[in-house]
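In the numbering used here, the protein residues as written are 9 to 269. For each residue, glycine too, the CB sits at the ideal point set by N, CA and C. These numbers come from a predicted model, not from an experiment.
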């Protein structure tokens with residue numbers, strides 16, 4: 009098949025994005041005038057490309073004529089922590105330690121395009137255990153990991169969640185307006201963990217995994233039948249889940265962090 013040239017407008021937009029990222033690595037916002045000069049294009053043309061990148065979430069405008077990478081770029085950075093089988097196995101090893109110690113399943117999830125994406129799930133070996141399928145069939149807001157991801161999302165990511173899932177309504181305390189949702193999410197951020205007891209008496213817990221800058225890049229969660237989770241045991245599980253989150257955070261902050269987790 010004969011090679012075809014790339015779509016020029018797409019290539020130009022990606023070239024502009026490269027320049028915005030390059031400036032951000034140096035700790036600077038990219039001025040429109042500089043971008044136009046580097047691209048050897050009229051300012052209006054570059055501005056139109058930037059407007060498209062902003063609308064798609066890959067670039068954000070920061071002040072008049074200044075641009076920085078957007079939420080989609082930050083999401084890609086988070087997802088790059090799991091690039092390759094070796095990195096995913098290092099995550100799985102830490103989750104298995106939790107399962108071996110606590111005898112309950114656990115998972116690590118991230119936010120991507122408004123969706124809760126499970127990076128790794130490790131089941132327990134109990135005779136009676138909660139099916140992951142049962143958990144996954146519930147809605148975004150009915151999962152503590154979903155609520156926690158929404159709680160630690162930035163403004164653009166929260167907008168993606170709302171665009172995809174809408175307001176929770178009956179899925180979370182009848183929350184049917186955005187101010188009430190933001191208030192509930194702020195309370196979760198302050199608390200630092202989330203707990204849900206499902207109608208079938210499944211207890212589910214989640215807490216965030218923070219990066220060096222304090223911003224969460226993932227959440228960890230566990231769930232168990234209610235009869236195995238009296239108050240004291242639930243407290244133990246939450247403490248163990250927080251230790252797991254801390255272990256993953258420390259590994260991500262270590263030298264060679266892309267290989268550490």
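Just so you know, the alpha carbons of residue 39 and residue 74 end up roughly 4 Å apart. Between residue 128 and residue 100, the CB-CB gap stays under 7 Å.
Bounds of the beta strand (DSSP E) holding residue 68 are 67 to 69. Boundaries of the alpha helix (DSSP H) around residue 81: 79 to 88. Contact between the segment 226 to 241 and the segment 107 to 116 is established, with three or more Cβ pairs separated by less than 8 Å. Distances from the alpha-carbon of residue 243 to those of 254, 221, 211 put 211 closest. Looking at the DSSP output, residue 202 bridges to 214. Setting aside the 5 residues that flank it on each side, residue 205 is surrounded in the same chain by 211, each with a C-beta closer than 6 Å to its C-beta; the list follows chain order. Cβ-Cβ distances below 7 Å link residue 169 to 122, 158, 161 in the same chain, with the five nearest sequence neighbours on each side left out; the list follows chain order. In the three-state DSSP reduction, residue 187 falls in the helix class (H, G or I).
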